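Asks: Quick mapping for you: the protein sequence lines, in order, are chains X and W. For the first sequence, the working numbering gives the first residue as 779, with consecutive numbering after it. For the second sequence, the working numbering gives the first residue as 85, with consecutive numbering after it.
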Amino acid sequence: MTYRGWIIGGAFSLVTSILLSATALAFGDVGRGKAVYEKHCQYCHGRDGAGDGPAAGFLNPPPRDFTLGTYKWKTTPFDEMTPSDDDFVRMINGWASHNAVPGWDGLNDTSMPGWSDVIGDNDIKAVIAYLKNLSGLEAPVKPPIDMKAKVAPSKESIERGKKIFADVCSECHGDEGRGDGRKKLKDDWGARTWPRDLTKPWTFRAGSAPVDIYARVTVGIPGTQMPSFADPQSKKALSDEARWDVANYAASLVAPYKKPGEGTVIKAVKVEGALPDAPGAQWNRAAFESFYLAPQMIEGERLFTPTLNSVSVKALFNDTEIAFLVEWDDPTESVPGDESVMALSAGEVFLDKAAIEFPASLGRADERPYFGMGSDARPVDIWLWQNDGAVRSIRARGTASVEDGPDKVRAKGAYEKGAWRVVFKGALKREWKDGASEGIFVPVAFGLWDGSNGDKGAKHTMTGWNYFALNEGGGVSPYIWAIGAVVVVFILELLWFRGARRGRDR
Amino acid sequence: MRIPKLAQFIIIVAVLYALLKAPGVFLGKPIPESLIFMYMVLVVATVLLVMTSTDESAEELFSPIRALVQDPKKAFARNIVFVIAPLVAGYIAYGLSSKGMEPPAELRSIHPAPLSKMAAYGKRFDMATLENPLRATETEDKEIFNAYVAEGAGIYFKNCFFCHGGKLDGRGHYAHALTPRPLPFKGRDTIAQLSESYVFWRVVKGGPGLPSEGGPADSSMPAWEDKLTEEEVWKVVLFLYDFTGNRPRERAREGK
């Protein structure tokens, strides 16, 4: 072979090997993808990708069935079934950057974690190739929608969006966006779906910025009843500008106080005179603290598919009584026997309920009762409200031993546009009252039931022990302390300076 | 070059403060502020005592401060310090008073010592000698072992992943709603430090079975003794180790 032949041959094999490895990387290696899948994905998504792993029966939303090729969180247009490769990467690695909630790094408020910390980029590509293979998806024909033509979230845009929302979104998402629609929805796989509560954007799966919502409105959420509003065939089609407006409005629905913080304490505020029986202006003096809810999956009948995910609480007290305002979003007002409620419900309808739990008596922190209804040695007191108006005071020594409690409790609830607000009132327990003069922390936990979701008895959502604080000491404002410190230090400096100068002058 | 006494003082105090803060910043396990405050008072007092033990060293420590006020050449530096110091004091006072009351510190031992005997499944287990009866298959019959692990996976993904996570990293769908958080199995500072009998005890007796230093009132870890059979628990234990690539701690090393 000539010198030239060597060069040509070498260049040829170099180029082909680069091309080959590039395509292998770009489309991923199906065999390798299968190995990754069997290690990490099969227990939810099923051995053959049919969405039927051992975990599947316990999840809502259920894990995706990959044999159908329908994907929810994509940005290719409504008439293009296949997500883009970037979409796949985001679905698998998650939208971790939005509205962080500790531990959620994938599709928020689902069991689908984000995988970038365990699976390298090339293996992600390989597993994408494997998933596509399961339903025979090729590369998408149409490119992702254009997400640049942004309408700024100005007052005017939000105002326009509000009207559009009332026209086309509120039938599912509710008048105020709390997910209390008037429609019973099922997805293509037969699972019950709940329209998102738009006041809690940290629960959005695929980002909560206006641009993300714009993508959802434009593309729709395939496999669910949330349609594309860009489909000219649809009676509800919206112009591009209108879709930005409604996205801006939806993003403006966020209610930041509902997002729980870490280690928050409910600070009860002292008032003179009677405590309010209902929500109203008097409560403005106290601030809401919010807590995430977990389904009860510890004892007895377990709940795996909750509909409630957080609760917000504030408290007022006077010399003899304490009142709690407990507020939570619930997609349905559950009235057993009511036709319209039955039509929305997943099965038999039970009552909505709320409970507040306290230790029956306070001890050291390491002596408090078990948060799951106490124990023989360390009982708890529970204040229980039901939406048929019944109110109970309970003393529990474990789940098996429940009797009437010593506390006199009154409670009243009202359901409005997807939110329950219940006011509980009861006497200050002796120990609380005694501690209140110096400030006292009382452990408190909450339990909630959504009767339309089949919540009943041990099946409910709950928090662990948190605290509420009682403090009567009419404390001095922090600003006063700050100014005081500045003045004192400055005076000390002057004295010192003068002393030093005198010393030097002498 | 000799480091001036005052700088030494500042460096020592800063380093110790950083050490106290480090667990919170790097491991996500902060030492409660109130404890840090107490330690720091002790630290400052001790260092001051040592550094002012002789007259010369006290003089050396304080002379730069005195010079700041007395030396006319340092007027500019002095003015700056005189403005900054009250502002810092005001800021600290604001921080301390607006925090209001802090709830009682909760210190919890994550891996408390188990009891020596455990009663469950109608018998008594001696924790000192208890072994995973299925472990032997790992060397004797890999096929049976793999079948056990697969069953363990099924049990895990029907009962545990809601809390402990699909990645076994302690970050399941509902982990953020639980205090204390579910523990991870992946990584070094986990079941890798424990023997299989310890893990068996934790699964069988759950949170309520913890001794008081483990915080039994708060742990949401269920007791599985009436939901899983003895063999199922051993299978899920096999799975936890196999999936994460961790090895159980050998008894020979434990407690010696």
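Glycine included, each C-beta is placed from N, C-alpha and C at the ideal position. None of these values were measured; they are calculated from a predicted model.
1. Specify whether the segment 934-941 of chain X and the segment 832-851 of chain X touch according to this definition: at least 3 beta carbon pairs, one from each stretch, less than 8 Å apart.
2. Of the residues that make up the segment 1256-1278 of chain X, which ones have a beta carbon closer than 8 Å to any beta carbon in chain W?
3. For W:Tyr205, which of W:Gly299, W:Glu314 and W:Phe93 has the nearest alpha-carbon?
4. Closer than 8 Å, Cβ to Cβ, to anything on chain W: give me those residues from the segment 1063-1079 of chain X, in chain order.
5. Quick one: list the residues of chain W neighbouring X:Ala833, beta-carbon separation under 7 Å, in chain order.
6. Just to confirm the assignment: which complete beta strand (DSSP E) runs, minimum length 3, are found wholly within the segment 1030-1113 of chain X?
7. Please identify the residue among X:Thr1110, X:Phe1102 and X:Arg1146 whose C-alpha is closest to the C-alpha of X:Trp1163.
8. Quick check on the DSSP output: the alpha helix (DSSP H) that includes W:Glu315 runs from which residue to which?
9. Scan the segment 1211-1271 of chain X and note each continuous beta strand (DSSP E) run of 3 residues or more that stays entirely inside, going in chain order.
10. What is the DSSP secondary structure of X:Gly835, counted as helix, strand or coil?
11. Mind checking X:Leu1248: buried by the 16 CB within 10 Å criterion, or exposed?
12. Taking the straight line between their C-alpha atoms, what separation do you get for X:Asp1130 and X:Cys950?
13. If you drop the 5 nearest sequence neighbours on each side, which residues of the same chain put their C-beta closer than 6 Å to that of X:Gln1011?
14. What in chain W is Cβ-close to X:Gly1196, meaning under 8 Å?
15. I want to see whether chain W comes within less than 8 Å of X:Pro1157, judged by CB atoms only; does it?
16. Can you give the Cα-Cα distance for X:Ile923 and X:Ala828, rounded to whole angstroms?
17. Count the CB pairs spanning the segment 1000-1016 of chain X and the segment 965-982 of chain X that are closer than 8 Å, and state whether there are at least three.
18. What's the gap between the Cα of W:Leu267 and the Cα of W:Leu252?
19. Contact criterion: CB-CB distance below 8 Å. Does X:Arg983 meet it with respect to chain W?
20. Mind listing the chain W neighbours of X:Thr1241? Cutoff is C-beta to C-beta under 8 Å, in chain order.
21. DSSP three-state label for W:Ser193, please.
22. Is W:Glu45 helix, strand or coil by DSSP?
23. Of all the CB atoms in chain X, is at least one closer than 8 Å to the CB of W:Tyr232?
24. Where X:Leu1270 and X:Gly1277 are concerned, what is the direct C-alpha to C-alpha distance, given to the nearest angstrom?
25. Do you know how far the Cα of X:Phe1128 is from the Cα of X:Lys1234?
26. Quick one: what does DSSP say W:Val165 is sitting in, helix, strand or coil?
27. Say whether chain X places a C-beta atom closer than 8 Å to the C-beta of W:Arg286.
28. For X:Val1043 and X:Leu1226, which I take to be in contact (beta-carbon distance under 8 Å), what is that distance rounded to the nearest angstrom?
29. Could I get the ranges of all uninterrupted alpha helix (DSSP H) runs contained in the segment 978-1037 of chain X, with 4 residues as the minimum, in chain order?
30. Along the alpha helix (DSSP H) that carries X:Ile870, what are the first and last residues, could you check?
31. Can you pull out the residues from the segment 1209-1221 of chain X whose beta carbon lies closer than 7 Å to at least one beta carbon of chain W?
32. Just to confirm, does X:Asp990 get its C-beta within under 7 Å of one of the non-hydrogen atoms of the ligand ZN?
33. May I ask you to verify whether the segment 1028-1035 of chain X touches the segment 979-996 of chain X, counting CB pairs closer than 8 Å and requiring at least 3?
34. Just to confirm, is the Cβ distance from X:Trp1259 to W:Ala177 under 8 Å?
35. If you drop the 5 nearest sequence neighbours on each side, which residues of the same chain put their C-beta closer than 7 Å to that of W:Pro116?
36. Would you give the residue range spanned by the alpha helix (DSSP H) that X:Lys1190 belongs to?
Replies: With the structure as the only source:
1. no
2. Pro1256, Tyr1257, Trp1259, Ala1260, Ile1261, Gly1262, Ala1263, Val1264, Val1265, Val1266, Val1267, Phe1268, Glu1271, Trp1274, Phe1275 and Ala1278
3. W:Glu314
4. Phe1069, Tyr1070, Leu1071, Ala1072, Pro1073, Met1075, Ile1076 and Glu1077
5. Phe241, Lys242 and Phe245
6. 1043-1045, 1067-1070, 1088-1095 and 1099-1107
7. X:Phe1102
8. Glu314 to Thr328
9. 1218-1227 and 1244-1248
10. helix
11. buried
12. 21 Å
13. none
14. Here the premise fails: no neighbours, minimum Cβ distance about 21 Å.
15. no
16. 29 Å
17. yes
18. 9 Å
19. no
20. Ala261
21. coil
22. With chain W covering 85 to 340 only, the question about residue 45 of chain W has no answer from this structure.
23. no
24. 10 Å
25. 7 Å
26. helix
27. no
28. X:Val1043 to X:Leu1226, Cβ: 20 Å. No contact.
29. 988-997 and 1018-1030
30. Asp863 to Asn871
31. Gly1217 and Phe1219
32. Only the bare structure without any ligand can be found here, which leaves the ligand ZN out of the picture.
33. yes
34. yes
35. Ala189
36. Counting along the chain, X:Lys1190 falls outside any alpha helix (DSSP H), though it belongs to the beta strand (DSSP E) covering Val1187 to Glu1194.
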